[in-house]
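So for the sequence shown, the working numbering puts the first residue at 1; every next one is plus one.
These notes are about the structure you will find just below.
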Amino acid sequence: MIQRKKLVIANWKMHFNVSQASSLVAQLHKNIQGHRDIEVVLAPPMLSLQPIAQQIDHRRFRLAVQNAYHKDEGGFTGEVSFAMVREIADYAIIGHSERRIYFGETNDDVRDKVAASIRNGIKPVVCIGETSTERSDGQTKQVIHDQLVTALANVTSEDLNYVSIAYEPVWAISTFGGEKPDPDKIEKIFDYIRLQIAELYGEKAANNVRILYGGSVDDQNAWSLININGCEGFLIGSASLNYHKFTSIIESVYKFNRTKDNG
Ligand code: PGA
Numbered sequence: 001m002i003q004r005k006k007l008v009i010a011n012w013k014m015h016f017n018v019s020q021a022s023s024l025v026a027q028l029h030k031n032i033q034g035h036r037d038i039e040v041v042l043a044p045p046m047l048s049l050q051p052i053a054q055q056i057d058h059r060r061f062r063l064a065v066q067n068a069y070h071k072d073e074g075g076f077t078g079e080v081s082f083a084m085v086r087e088i089a090d091y092a093i094i095g096h097s098e099r100r101i102y103f104g105e106t107n108d109d110v111r112d113k114v115a116a117s118i119r120n121g122i123k124p125v126v127c128i129g130e131t132s133t134e135r136s137d138g139q140t141k142q143v144i145h146d147q148l149v150t151a152l153a154n155v156t157s158e159d160l161n162y163v164s165i166a167y168e169p170v171w172a173i174s175t176f177g178g179e180k181p182d183p184d185k186i187e188k189i190f191d192y193i194r195l196q197i198a199e200l201y202g203e204k205a206a207n208n209v210r211i212l213y214g215g216s217v218d219d220q221n222a223w224s225l226i227n228i229n230g231c232e233g234f235l236i237g238s239a240s241l242n243y244h245k246f247t248s249i250i251e252s253v254y255k256f257n258r259t260k261d262n263g
C-alpha cells in the first residue's frame, strides 16, 4: 500500500450555532498543529461554513459539507447546491447513514450527488455500511457491493482519484447504538471494499482510493483502528465535538505515521 496523507474528518452533524462553532475552531487552532501527512477536515453545519472558512488557517484545516443537492441551481426550496459551496468546501460527505435512514436518500441519490460533487471540483467522501439487521441476515457484502457500485456508476477512472470511501457500519455509529467495532472484522470489510473497486477499475486505480473508517471512533480506540491494514483515516462524529478527544485522535494518527516512517 502506498503511503499518502491520512484523512481525518470531523462531522459535527447538526451541532453548534455559528458562535459555538467558532469557539471550537479557536480551540482546535490552539491544539492541532499542521501535519504534513494528515489532512484534517472540518464539516460544520452549512450555516457555519462561510464564517469558519474565514477563520481557519487553510494550511492546517480543510472544510467539508455534510450534504448538498445534486442540481446546480433551480426551484428546489431549502436546498444548497454543490455549485454554491465549491469555493469553500474541499470535500463533501455523501450518503451518510443518517441521510439514508432519516431522509430517505437512496443509492441513486448518492450516485447523483457524487457526480455533482466531482463536477464542481469537490472531493466526495462516499459513506457506505450495513445496518445491524443486514449484518445479522448475512447481507453485509451484498449491501456494501450495491452501495458502492451505484455510488460510483458515473465516476470515471480519472475521477476516482478524487474519491474517498468511508466504511461506517450503521451499528457502530453513535446515533444508531454505537456498538464498538472489532478491528479484525473491519479489516476484512476493507479488503472486500478494495476488491470491489478493483473489479470496477482495476487494482492500480483501486489502490489510489482512500478508505476511511467511521463509527464510534474516539480517543480510546483510535490507535487500534488506525492500525487496521488499509485504513487511511477516520470520519468522526461525537468525539469530534470535543477538542480534547479530537486532538488526541489526530495525535494517534500522527504517531502511527511516524512509526511507519521510522520502521
Ligand atoms: P460517531 O459518528 O463517531 O458519533 O459514531 C460517526 C459518523 O456518523 O460519521
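Where a beta carbon is used, it is the ideal one built from N, C-alpha and C, also for glycine.
Since this is a predicted model, take the numbers as computed values, not measurements.
Using a 10 angstroms sphere on the CB of residue 95, the tally of other CB atoms reaches 16 or more, which defines it as buried.
In the three-state DSSP reduction, residue 135 falls in the helix class (H, G or I). The beta carbon of residue 166 sits closer than 6 angstroms to the beta carbons of 125, 127, 212, 214 and 235 from its chain, once the five residues preceding and following it are set aside; these are given in chain order.
According to the DSSP assignment, residue 73 belongs to no beta strand (DSSP E), since it is labelled neither H nor E.
Distances taken from the Cβ of residue 235 to the heavy atoms of ligand 1 include one shorter than 6 angstroms.
With a cutoff of 7 angstroms on beta-carbon distance, residue 64 and residue 93 are scored as near each other. When rounded, the separation of the alpha-carbon atoms in residue 243 and residue 205 is 35 angstroms.
In the DSSP assignment, the residues bridged to residue 127 are 166.
Across the structure, residue 150 and residue 164 are spaced so that their CA atoms are roughly 15 angstroms apart.
Judged by DSSP in its simplified three-state form, residue 148 adopts helix.
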